[in-house]
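*Asks:* Note that the sequence shown ends on residue 173 in this note's numbering; no numbers are left out. Where is the CB? At the ideal position from N, CA and C, for every residue including glycine.
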Amino acid sequence: MKRKIWKEIRSDVVIVLVALAIGLMLNKFVIANAQVPSSSMETTVMAGDRIFVNRLSYVFAEPKRGDIVTFIYPDDGETLYLKRVMGLPGETIQGKNGTIYIDGQPLEKDFTQEVSRDDFGPYTVPADCYFMMGDNRNDSWDSRYWEHTFVEKADIIGRAVFSYFPHPRVLK
Numbered sequence: 002m003k004r005k006i007w008k009e010i011r012s013d014v015v016i017v018l019v020a021l022a023i024g025l026m027l028n029k030f031v032i033a034n035a036q037v038p039s040s041s042m043e044t045t046v047m048a049g050d051r052i053f054v055n056r057l058s059y060v061f062a063e064p065k066r067g068d069i070v071t072f073i074y075p076d077d078g079e080t081l082y083l084k085r086v087m088g089l090p091g092e093t094i095q096g097k098n099g100t101i102y103i104d105g106q107p108l109e110k111d112f113t114q115e116v117s118r119d120d121f122g123p124y125t126v127p128a129d130c131y132f133m134m135g136d137n138r139n140d141s142w143d144s145r146y147w148e149h150t151f152v153e154k155a156d157i158i159g160r161a162v163f164s165y166f167p168h169p170r171v172l173k
């Protein structure tokens, strides 16, 4: 009888340990869970939203304009930020009179209904780097204002896939 109980306990412990190991591996290498602290991405991502980030998004692909990504803030090397990729490597990005220009051409889809009050640039994005902007352009601390203007690809954690609480939706 004691042997049977011991086998059941050992079996349960093994199951719990395997589940914990899988969870830790997923969290470290596949997904990240984050809570959005600010309004810089509103109305796409609201302050307080909890999101899942796909860490594998850029293993075999490059970030694209419009991707919402988490990354290490280049000015301190530790804080995690959530912004939208706006400028790609080799492009020149500039903002004038509320319009964003890429290589001198107005950007058709700028991912916001808000007109930015600030002119910026022009900035030429270096190789393996990206220019980031928040969707809430008039209330976003982003590449336009940072000391180190660009985010290196190596500092991108992954692409935000969906918000699961309190506003569940796929992020685009």
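Let me confirm a value: Asn98 is counted as buried when at least 16 other C-beta atoms fall within 10 Å, else exposed. Which label applies?
*Replies:* Exposed, since its Cβ has fewer than 16 Cβ neighbours within 10 Å.
*Asks:* State yes or no: is the C-beta of Leu81 within less than 8 Å of the C-beta of Ala35?
*Replies:* In contact: Leu81 and Ala35 (Cβ atoms closer than 8 Å).
*Asks:* Have a look at Glu115, Val17 and Lys154 and flag the residue whose alpha-carbon is nearest the alpha-carbon of Ile73.
*Replies:* When each option's Cα is compared against that of Ile73, the closest is Lys154.
*Asks:* Is the region 160-172 touching the region 137-146 in the sense that three or more CB pairs, one from each, lie closer than 8 Å?
*Replies:* No, the region 137-146 does not touch the region 160-172.
*Asks:* Identify, in the order they occur along the chain, each residue of the same chain with its Cβ nearer than 7 Å to the Cβ of Glu92, setting aside the five sequence neighbours on each side.
*Replies:* Here the set comprises Ile103, Asp104 and Val126.
*Asks:* Output the distance between the C-alpha atoms of Arg51 and Met134, rounded to the nearest integer angstrom.
*Replies:* Looking at the two C-alpha atoms, the distance is approximately 20 Å.
*Asks:* In terms of alpha-carbon separation, which member of Lys8, Val46, Glu9 and Ser39 lies closest to Lys173?
*Replies:* The candidate whose alpha carbon is nearest that of Lys173 is Val46.
*Asks:* By DSSP, does Lys154 sit in helix, in strand, or in coil?
*Replies:* Note: Lys154 maps to helix in three-state DSSP.
*Asks:* Let me know the secondary structure DSSP gives Arg4 once reduced to three states.
*Replies:* Arg4 falls in the helix class under three-state DSSP.
*Asks:* Taking the alpha carbon of Glu43 as the point to measure from, which residue in Tyr165, Phe166, Arg138 and Asp129 has its own alpha carbon closest?
*Replies:* Among Tyr165, Phe166, Arg138 and Asp129, the Cα nearest to that of Glu43 is on Arg138.
*Asks:* Using DSSP bridges, identify the partner residues of Ala33.
*Replies:* Looking at the DSSP assignment, Ala33 forms a beta bridge with Val54.
*Asks:* Thinking just about the alpha-carbon of each residue, which of Pro169, Glu148, Gly24 and Asp119 is nearest to the one in Asp77?
*Replies:* Of the listed residues, the one whose Cα sits closest to Asp77 is Glu148.
*Asks:* What first and last residue would you give for the beta strand (DSSP E) that runs through Val126?
*Replies:* Run containing Val126: none; DSSP gives neither H nor E here.
*Asks:* Alpha carbon to alpha carbon, how far is Phe121 from Val14?
*Replies:* Distance between the alpha carbons of Phe121 and Val14: 58 Å.
*Asks:* At the level of alpha carbons, what is the spacing between Lys8 and Val17?
*Replies:* Cα-Cα distance, rounded: 14 Å.
*Asks:* For Gly78, name the three-state secondary structure that DSSP assigns.
*Replies:* Note: Gly78 maps to coil in three-state DSSP.
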